[in-house]
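A.B. asks:
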Amino acid sequence: MAYLTEPIPGGVAPMPPLTWNTFEEYVNTTVSHFQRVFNNDTLKPGQFSTRDLCTNSYGMRHDMAMPFEIAEHDVVDYLIRMPAAMFFGQGMRTFAVNFLTSNATRRMEFQPWQWCQHDLVLTIPIGDFCVWIEETKPHEYTVWGAASTFETPESIWVLWKSYYRHYRVLLSNLQRIGIAPEYVRYQIVVGEPTYAILCDPIVAFGMALDTWLGVAYRALAIIGVTQFQDVWLYISGCMYMSQCVRQDDRDDILPNYRFVYVCFGFLSKRIFSSVVKWRRWEASFAPVDPALLSICAYLYSGPLLSVMGSTRLVSLFYQLWGIFLPPDRRDQAVEGITATIAVSVLMCLLPLLFPLTLLSTTNNMETAQIQSSPFDTFAKSQRAPVFLQRLESFDLAQPHDAQTRKELKRGGAPQTLL
Numbered sequence: 021m022a023y024l025t026e027p028i029p030g031g032v033a034p035m036p037p038l039t040w041n042t043f044e045e046y047v048n049t050t051v052s053h054f055q056r057v058f059n060n061d062t063l064k065p066g067q068f069s070t071r072d073l074c075t076n077s078y079g080m081r082h083d084m085a086m087p088f089e090i091a092e093h094d095v096v097d098y099l100i101r102m103p104a105a106m107f108f109g110q111g112m113r114t115f116a117v118n119f120l121t122s123n124a125t126r127r128m129e130f131q132p133w134q135w136c137q138h139d140l141v142l143t144i145p146i147g148d149f150c151v152w153i154e155e156t157k158p159h160e161y162t163v164w165g166a167a168s169t170f171e172t173p174e175s176i177w178v179l180w181k182s183y184y185r186h187y188r189v190l191l192s193n194l195q196r197i198g199i200a201p202e203y204v205r206y207q208i209v210v211g212e213p214t215y216a217i218l219c220d221p222i223v224a225f226g227m228a229l230d231t232w233l234g235v236a237y238r239a240l241a242i243i244g245v246t247q248f249q250d251v252w253l254y255i256s257g258c259m260y261m262s263q264c265v266r267q268d269d270r271d272d273i274l275p276n277y278r279f280v281y282v283c284f285g286f287l288s289k290r291i292f293s294s295v296v297k298w299r300r301w302e303a304s305f306a307p308v309d310p311a312l313l314s315i316c317a318y319l320y321s322g323p324l325l326s327v328m329g330s331t332r333l334v335s336l337f338y339q340l341w342g343i344f345l346p347p348d349r350r351d352q353a354v355e356g357i358t359a360t361i362a363v364s365v366l367m368c369l370l371p372l373l374f375p376l377t378l379l380s381t382t383n384n385m386e387t388a389q390i391q392s393s394p395f396d397t398f399a400k401s402q403r404a405p406v407f408l409q410r411l412e413s414f415d416l417a418q419p420h421d422a423q424t425r426k427e428l429k430r431g432g433a434p435q436t437l438l
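Mapped onto our numbering, the consecutive letters of the sequence shown carry residue numbers 21 to 438.
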């Protein structure tokens, strides 16, 4: 069983650590390692990306026309088309900008066109990311991007032994032991239980924490949704970030649930619901079905990050990568905890718009229905002011029509009072 972007047990081969003494040696060594894995021989013509399970690395390429001396205000339009541009740190952005704005002489002096950076979360290295450029024709280049995630065969085996394989044990125990003597038949549902499970705030918090612990693989999924050349890669990235994924392992279907950003929506919903009930604000919000929230989260997670990572909005992330990095490391690494917090908060706030939007839409529809009455049409056509005097002792018989009673309860429409 495997996730769309995570390795399976036994799929990662032990790799000797790369050694270097200076940052320049680090760039040369890491790029050389990636170039042996990702090149025109390992990627077929027309193939834009590939995954190497043995090294737990991922590579992309994109053909681009990049003339000399591009104006500075147009640089960002070229920058966001490069592979994984959303994750460019300060040093990698400087390298790309210098390449794009240089003339023919300076561009040749920049060779080799390559740069790498360390990926950190709370100063803990979680992977490496490199970009290198190859010239194919005059003014036409192939931009390569490659990322590796630090993972050991031992850690993956522990996850398999401690977590994944228990589904088989569950099946065996139900067949041999069961739950109680009166139960002779069990039905195991392999479906989408997201909204039912994550309604428990403790479970939602645990899944949110699990999402943070796997931030390296979330980054790979985000890379997939910020490119539009490989359709399947884009779809798989959206699926991975928004919903759980199951794949077959031999003859058994092992449910492997990763709720990713959906869990943040449910967690915020539970917290906000408690606040609303405590403050007695129920009348200001419309109730939202958890299943509807789950479906909406599936739909907006991928496209939302696509817009943020492939437009000028990407500059917001560029400001986050170096906040907690010392100045001497901002050209060599990115700190991912700031962007992780920002995306998590965004995913928590978006579901809160649903009850407000739903209530506003419902009120607008009711108002439009009342305003479109024959009395209002007549009054507007005559252009005459209508005065309604409140009658304290007016005894109005209780109408039998449900719609009229509803209007009276809300204050009454003009035609109802008259």
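From the three backbone atoms N, C-alpha and C, an ideal C-beta is built for every residue, glycine too. Quick caveat: nothing in here was measured; it's all calculated off a predicted structure.
Report the three-state DSSP secondary structure of E160 (helix, strand or coil).
C.D. replies: One-based indexing of the sequence shown puts residue 160 at position 140. Residue state, collapsed to three classes: strand.
A.B. asks: Whose C-beta lies closer than 6 angstroms to the C-beta of V334 among residues of the same chain, with five residues either side of it excluded?
C.D. replies: Position 314 of the sequence shown holds residue 334. Result list for V334: I100, M106, in chain order.
A.B. asks: For L253 and C74, what's the separation of their Cα atoms in angstroms?
C.D. replies: If you number the sequence shown from 1, residue 253 lands on position 233. If you number the sequence shown from 1, residue 74 lands on position 54. The straight-line gap from Cα to Cα measures roughly 19 angstroms.
A.B. asks: Under the three-state reduction of DSSP, which class applies to W152: helix, strand or coil?
C.D. replies: As a first step, residue 152 must be located in the sequence shown, where it is residue number 132. Strand, per DSSP.
A.B. asks: Starting from W135 and walking both ways along the beta strand (DSSP E), at which residues does that stretch end?
C.D. replies: Start at 1 with the first residue of the sequence shown, and residue 135 comes out as number 115. Segment 134–141, the beta strand (DSSP E) holding W135.
A.B. asks: To the nearest angstrom, how far is it from the Cα of Y320 to the Cα of I291?
C.D. replies: The residue labelled residue 320 in the question sits at position 300 within the sequence shown. The residue labelled residue 291 in the question sits at position 271 within the sequence shown. Cα to Cα, Y320 sits roughly 21 angstroms from I291.
A.B. asks: Okay, do the region 138–148 and the region 353–372 touch, 3+ Cβ pairs below 8 angstroms being the bar?
C.D. replies: Cβ pair count under 8 angstroms is three or more, so yes.
A.B. asks: Once DSSP output is grouped into helix, strand and coil, what is the label at A241?
C.D. replies: For the purposes of this step, residue 241 is taken as residue 221 along the sequence shown, with counting starting at 1. Note: A241 maps to helix in three-state DSSP.
A.B. asks: Could you name each continuous beta strand (DSSP E) segment of 3 residues or more that falls completely within the region 103–130, going from the start of the chain to the end?
C.D. replies: Listed in chain order, nothing qualifies, since the region 103–130 has no complete beta strand (DSSP E) run of 3 or more residues.
A.B. asks: Which residue spans inside the region 342–368 form an unbroken alpha helix (DSSP H) run of at least 4?
C.D. replies: Segments of the alpha helix (DSSP H) lying fully in the region 342–368: there are none.
A.B. asks: What did DSSP end up calling A91 once you bin it into helix, strand or coil?
C.D. replies: Here the question's residue 91 lines up with position 71 in the sequence shown. Coil at A91, not helix or strand.
A.B. asks: According to DSSP, what are the bridge partners of S69?
C.D. replies: Position 49 of the sequence shown, counted from the start, is the residue given in the question as residue 69. In DSSP, S69 forms a bridge with M80.
A.B. asks: Please go through the same chain and pick out, in chain order, the residues whose beta-carbon is closer than 7 angstroms to the beta-carbon of V47, but skip the five residues on each side of it.
C.D. replies: Here residue 47 refers to the residue found at position 27 when the sequence shown is read from its first residue. The answer, listed in chain order, is Q134, W135, C136.
A.B. asks: Within 10 angstroms of its Cβ, does S288 collect 16 or more other Cβ (buried), or is it exposed?
C.D. replies: Taking the sequence shown and counting its residues from 1, the one referred to as residue 288 is at position 268. S288 should be labelled buried.
A.B. asks: Taking Cβ positions, are N510 and E171 nearer each other than 7 angstroms?
C.D. replies: Given a span of 21 to 438 for the chain in the structure shown, any question on residue 510 remains unanswerable.
A.B. asks: Step through the CB atoms of chain C and report whether any lies within less than 7 angstroms of the CB of L194.
C.D. replies: The structure shown has no chain C; it contains just one protein chain.
A.B. asks: Per DSSP, what kind of secondary structure is T331 in: helix, strand or coil?
C.D. replies: Taking the sequence shown and counting its residues from 1, one reaches residue 331 at position 311. If DSSP states are grouped into helix, strand and coil, T331 belongs with coil.
A.B. asks: Return helix, strand or coil for G226, following the three-state DSSP convention.
C.D. replies: As a first step, residue 226 must be located in the sequence shown, where it is residue number 206. Of the three classes helix, strand and coil, the one that applies to G226 here is helix, per DSSP.
A.B. asks: Starting from S168, follow its DSSP beta bridges and name the residues at the other end.
C.D. replies: Here residue 168 corresponds to residue number 148 of the sequence shown, with the count starting at 1. For S168, which the question treats as bridged, DSSP gives the partners S77, D148.
A.B. asks: Just how far apart, CA to CA, sit H186 and W180?
C.D. replies: As a working note, residue 186 is residue 166 in the sequence shown. As a working note, residue 180 is residue 160 in the sequence shown. H186 and W180: Cα-Cα distance of roughly 9 angstroms.
A.B. asks: Can the beta-carbon of V245 be found closer than 7 angstroms to that of G198?
C.D. replies: Against the sequence shown, residue 245 aligns to sequence position 225. Against the sequence shown, residue 198 aligns to sequence position 178. No, the pair does not count as a contact, with Cβ atoms beyond the cut-off.
A.B. asks: Buried or exposed: which applies to V163, given that a residue is buried once 16 or more other Cβ atoms fall within 10 Å of its Cβ?
C.D. replies: For the purposes of this step, residue 163 is taken as the residue at position 143 of the sequence shown. Label assigned to V163: buried.
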